[in-house]
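Trainee:
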Amino acid sequence: MRKGLSKIPAGFICIFISLFCMSAFAKDRVYQADVVVVGAGGSGLAASVSAAEHGAKVITLEKREIAGGTTSFAEGLFAIGTDETRVASVDISVDDAFDHSMEFNHWRANAPLVRKFIQESPNTINWLHGFGLTFEPWNMAPTEPRVWHVVGHYKNMEHGAAYVQAMLDKCEELGVKIMYETPATELIIEKGVIKGVIAQDSRGNKVIVNAKAVVLATGGFSENNEIIAKYTRYEPGSVFPTVPLGKTGEGFKMALQAGAVLDDAGMLLMMHPGSYGPGFKPFGDLDTMTTQPLLWVNKYGERIIDDKMIGSLMVSANAIYRQDGHYVWSIWDEDTINYYKTKGLDTGLGVIVKAGTKISNTVKEIEDCIKAGSKNVAMADSLEELAKQMEMDPKSLKATVDRYNKMKADNEDVDFGTPARLMKYIKKSKFYAVKVFPSSFISLGGPQINTKMQVMTKNNKPVQGLYSVGCDAGGVHSDTYTLWTSGAGFSFAATSGRIAGADAADFAKK
Ligand SMILES: Cc1cc2nc3c(=O)[nH]c(=O)nc-3n(C[C@H](O)[C@H](O)[C@H](O)COP(=O)(O)OP(=O)(O)OC[C@H]3O[C@@H](n4cnc5c(N)ncnc54)[C@H](O)[C@@H]3O)c2cc1C
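Numbering of the sequence shown is given in the working numbering, commencing with residue 25 and proceeding in unit increments.
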C-alpha cells in the first residue's frame, strides 16, 4: 500500500485528501428563523433590524466577508418633510415629489409604490435618528432641491458606512444573527409556500435556513452579463460597474423561482460618466474631469450634449451610451487646467469631492495613465496630434472646436443652448482629453412588488412571505433615477427594508 502510494504524485494525493476531508466533513447546517434576510447591505440591514424590532427571530445571510454592499459607498438619502428640510427651508409636498417622479418616469413606474416611498421617507429618517444617525440636506446638482440627506458621523465613519455601522450595532443589540460568506442560492418552496432559503458557506457546506418569511436584498444584477443580455437594452460588457461587489442577481433569480412577474418600469442600469484603465485613479482629479461641463465629442469628433447637462450624471451617461461604441471624449486646454486649479470644480462628485474643490493633479494623472499604457487619455501640443491619439478625424475635431469657440465668443450656443459663461475656450496648448464611459452605480428594476414590498405573481397575487427590497425590487424607477429626488436609491433601500421587515415579522407570527 505504501509502495503503491509512493508512485502517485504528491500533488494528486493532497487533492485526494482535501476532497476526502471536504466530503467527509461537509454537511448540511440547518437553522430555524422567523425571517431570513438575504443580503446585509442597505436594504437587508434595514429589513433585519425592522423585523427584529417587531419581535422576529432573524437570520441574515451575506455573500461577502463584510456587510454593507453598495450602501457603504452611498452618501445620502432622499426625504421630504423632515426636521432637516424644515430647517433648510425646503418646502416640498408629497404631491410635488410624487408628480415630479411620475412625470419623470412617464407614468411607467408603480404609482402606489412611488407614493408610499415618498410618504414614508420622513419616517425612515426619523427611524434612523433613533439609531444615533444625523443628516445634513444637500443637493446633488445645482439645479435640484435640497432633499439629499447626507449621513453625518457615527463612531469614526460617515455617509453610507456610518449607516451600515449603526445598523450592525442595532442588529447586535436585537440579536440578529448575520452569517458572512454564506451566499444564498435558492428558495425553499413547498407546494407554493415559502419555507426558507438554501445557501452555501465558505467551506462548501449546504446551509438551510427554515423560515416562514424571506426578504430578498441582494443589491440587484448589475454584474451579471447574462441577465443584462436577456432582460435589458444594454450590450453586456459595455457598462462597467463603479464598484464591483459581486452583485450577480441571485435575489432576482429567486424571485423568478417563486413565479414573480417583472415590473413594467423596465430592467435598467443607473449609470454615470466615468473612466477607467491602466494608471487611472478612482475619485482622482482626472476622474472629476469626466463630470465637468466641458466639450464632449463622440468618436466622429461631433459634439453630443449641452455641457450643463453633464453634471446631471444619470442622464448624461444615457447620452454617452447612445453613441457609437458607447463612449465620448471630454476635451479641454491649458487655460481650463488653470481655471480648475484656481477657481475649483464646477461640479462635485457627490459630497466626496465637493464642487469648488481646487484640483491640481490632472496633468500628472494623465501622465501616469500614459506611462501605464492607457489609451483612454490624450495630451498634445496641437489639436491635430490630440485627434491622432484619440483615433479621430482631425478635420472633424477641428471643425467642432472652431465652432464651439466661435459660439463662446458670440455668447450664444445655438447648437445645444449651453449658457456661454459655462463654456470654456479650447485654444491654448497643451490640449487634453479623457475617454468617458458609462459606468453603473446599480441596477434598477426587477420583480413587481406591492406597497408591503411583497413579490407579485400573475393575476395580481402576492407571494405570501416573500419580499424584494432595495435594488432587488422593480417599479420605482424607469429609464434612470431623477436627481430631483437625489438619494432615492439609498432611501428606497432603507424604506423598503424597514417596511418589508415589519410585515415579514408580522406574517411569520401568524
Ligand atoms: C459609489 C456609489 C455611490 C452611491 N451614492 C448614492 C447616494 O448618495 N444616494 C443614493 O440614493 N444612492 C446612491 N447609490 C446607490 C445606492 O448605494 C443603492 O441604491 C443602495 O445602496 C442599494 O442598496 P441594496 O440594499 O439594494 O444593495 P447593497 O447595499 O449593495 O446590498 C446588497 C447586499 O447583498 C449581498 N449579496 C449579494 N448577493 C447575495 C447572495 N446571493 N446571498 C447573500 N448576500 C448577497 C451583497 O454582498 C451586499 O452586501 C450609490 C451607489 C454607488 C455605487
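In this text, a Cβ means the ideal position worked out from N, Cα and C, and glycines have one as well.
Going by Cα to Cα distance, which pick from Ile222, Gly156, Lys332 and Leu507 is closest to Val188?
Mentor: For the purposes of this step, residue 188 is taken as residue 164 along the sequence shown, with counting starting at 1. Cα-wise, what sits closest to Val188 is Gly156.
Trainee: Taking three-plus beta-carbon pairs below 8 Å as touching, is the segment 72–85 in contact with the segment 99–118?
Mentor: Result no; under three Cβ-Cβ pairs closer than 8 Å.
Trainee: From Ala532 to Ala98, what does the alpha carbon distance come to, in whole angstroms?
Mentor: If you number the sequence shown from 1, residue 532 lands on position 508. If you number the sequence shown from 1, residue 98 lands on position 74. Rounded to whole angstroms, Ala532 to Ala98 spans 32 Å at the Cα level.
Trainee: State the beta-bridge partners of Arg327 as determined by DSSP.
Mentor: Within the sequence shown, the letter at position 303 stands for residue 327. For Arg327, which the question treats as bridged, DSSP gives the partners Val321.
Trainee: Leaving out the 5 sequence neighbours to the left and right, which residues in its chain are closer than 6 Å to Met416 when beta-carbon positions are compared?
Mentor: What you label residue 416 is simply residue 392 of the sequence shown in a count that begins at 1. The answer, listed in chain order, is Gly325.
Trainee: According to DSSP, is Val138 part of a helix, a strand, or is it coil?
Mentor: Walking along the sequence shown from the start, residue 138 turns up at place 114. DSSP places Val138 in helix when its eight states are reduced to three.
Trainee: Say yes only if the C-beta of Ile252 is nearer than 6 Å to one or more non-hydrogen atoms of ligand 1, and no if none qualify.
Mentor: Start at 1 with the first residue of the sequence shown, and residue 252 comes out as number 228. No, the beta carbon of Ile252 sits no closer than 6 Å to any heavy atom of ligand 1.
Trainee: Less than 7 Å between the C-beta atoms of Gly494 and Gly100, yes or no?
Mentor: Reading the sequence shown from its first residue, position 470 is the one you call residue 494. Reading the sequence shown from its first residue, position 76 is the one you call residue 100. No. Outside cutoff.
Trainee: Quick one: which unbroken beta strand (DSSP E) runs of 3-plus residues sit fully inside the segment 324–366? Chain order, please.
Mentor: Segments of the beta strand (DSSP E) lying fully in the segment 324–366: 352–357.
Trainee: Anyone know if the C-beta pair for Ile83 and Val62 falls short of 7 Å?
Mentor: Within the sequence shown, the letter at position 59 stands for residue 83. Within the sequence shown, the letter at position 38 stands for residue 62. Contact flag unset, no.
Trainee: Just how far apart, CA to CA, sit Phe461 and Gly380?
Mentor: Counting from 1 along the sequence shown, the entry for residue 461 is found at position 437. Counting from 1 along the sequence shown, the entry for residue 380 is found at position 356. Between Phe461 and Gly380, the C-alpha separation is close to 24 Å.
Trainee: In the segment 43–107, which residue ranges form an unbroken alpha helix (DSSP H) of at least 4 residues, counting only runs that do not cross its ends?
Mentor: Here the runs fully enclosed are 66–77.
Trainee: Please name the residue in Leu69, Leu507, Leu373 and Ser464 whose C-alpha comes closest to that of Gly199.
Mentor: Locating residue 199 in the sequence shown gives position 175, where the first residue counts as 1. Minimum Cα distance to Gly199 is reached at Leu69.
Trainee: Is Thr209 helix, strand or coil when you go by DSSP?
Mentor: Translated into the one-based positions of the sequence shown, residue 209 becomes position 185. Three-state DSSP puts Thr209 in a strand.
Trainee: In whole angstroms, give me the CA-to-CA distance for Ala223 and Glu108.
Mentor: Your numbering for residue 223 matches position 199 in the sequence shown. Your numbering for residue 108 matches position 84 in the sequence shown. Cα to Cα, Ala223 sits roughly 41 Å from Glu108.
Trainee: So, at 6 Å on beta carbons, what are the nonlocal neighbours of Ile218 in its own chain, with the 5 sequence-adjacent residues on each side left out?
Mentor: On the sequence shown, position 194 is the one that residue 218 refers to. If we look at Ile218 and ignore the five residues flanking it on each side, its Cβ neighbours are Val238, Gly489 and Leu490.
Trainee: Between which two residues does the beta strand (DSSP E) holding Ser113 run?
Mentor: Counted from its first residue, the sequence shown places residue 113 at position 89. It is not in any beta strand (DSSP E) - Ser113 carries neither H nor E in the DSSP assignment.
Trainee: For Lys378, collect the residues of the same chain with a Cβ closer than 7 Å to its Cβ; drop the 5 residues on either side in sequence, then sort them by chain order.
Mentor: The count along the sequence shown starts at 1 and reaches residue 378 at position 354. Around Lys378: Gly372.
Trainee: Using a Cβ-based criterion (distance less than 6 Å to any ligand heavy atom), does Leu137 qualify as near ligand 1?
Mentor: Along the sequence shown, one-based indexing puts residue 137 at 113. Leu137 Cβ: outside cutoff for every heavy atom of ligand 1.
Trainee: Can you tell me whether Asn484 is buried or exposed? The criterion is at least 16 other CB atoms within 10 Å of its CB, across all chains shown.
Mentor: Looking up residue 484 in the sequence shown gives position 460. Flag for Asn484 reads exposed.
Trainee: Tell me the rounded alpha-carbon separation between Gly298 and Trp356.
Mentor: Here residue 298 refers to the residue found at position 274 when the sequence shown is read from its first residue. Here residue 356 refers to the residue found at position 332 when the sequence shown is read from its first residue. Near 16 Å, if we compare the C-alpha coordinates of Trp356 and Gly298.
Trainee: Give the DSSP-derived three-state secondary structure of Glu214 in the structure shown.
Mentor: Numbered from its first residue, the sequence shown carries residue 214 at position 190. Note: Glu214 maps to strand in three-state DSSP.
Trainee: When burial is assigned at 16 or more other CB atoms within 10 Å of the CB, is Pro471 buried or exposed?
Mentor: Indexing the sequence shown from 1 puts residue 471 at position 447. Counting Cβ neighbours within 10 Å, Pro471 comes out buried, since at least 16 surround it.
Trainee: Is there at least one non-hydrogen atom of ligand 3 closer than 6 Å to the beta-carbon of Ala76?
Mentor: With respect to small molecules bound, the structure shown includes ligand 1 and not ligand 3.
Trainee: Once DSSP output is grouped into helix, strand and coil, what is the label at Tyr204?
Mentor: Position 180 of the sequence shown, counting from 1, holds the residue named residue 204. In this structure, Tyr204 counts as coil in the three-state DSSP scheme.
Trainee: To which residues does DSSP link Thr504 through a beta bridge?
Mentor: Walking along the sequence shown from the start, residue 504 turns up at place 480. Its beta-bridge partners are Ser502.
Trainee: Would the C-beta of Lys305 count as close to ligand 1, meaning under 6 Å from any of its heavy atoms?
Mentor: Locating residue 305 in the sequence shown gives position 281, counting from the first residue. No, ligand 1 has no heavy atom inside 6 Å of this Cβ.
Trainee: Does the segment 149–163 touch the segment 115–122, meaning 3 or more C-beta pairs lie closer than 8 Å?
Mentor: With the cut-off at 8 Å, the segment 115–122 and the segment 149–163 do not touch.
Trainee: Tell me, to the nearest whole angstrom, how far the beta carbon of Ala444 is from that of Glu436; I am working on the premise that it is less than 8 Å.
Mentor: Within the sequence shown, numbered from 1, the residue matching residue 444 stands at position 420. Within the sequence shown, numbered from 1, the residue matching residue 436 stands at position 412. Yes, they are in contact, since the Cβ atoms of Ala444 and Glu436 sit about 6 Å apart, within 8 Å.
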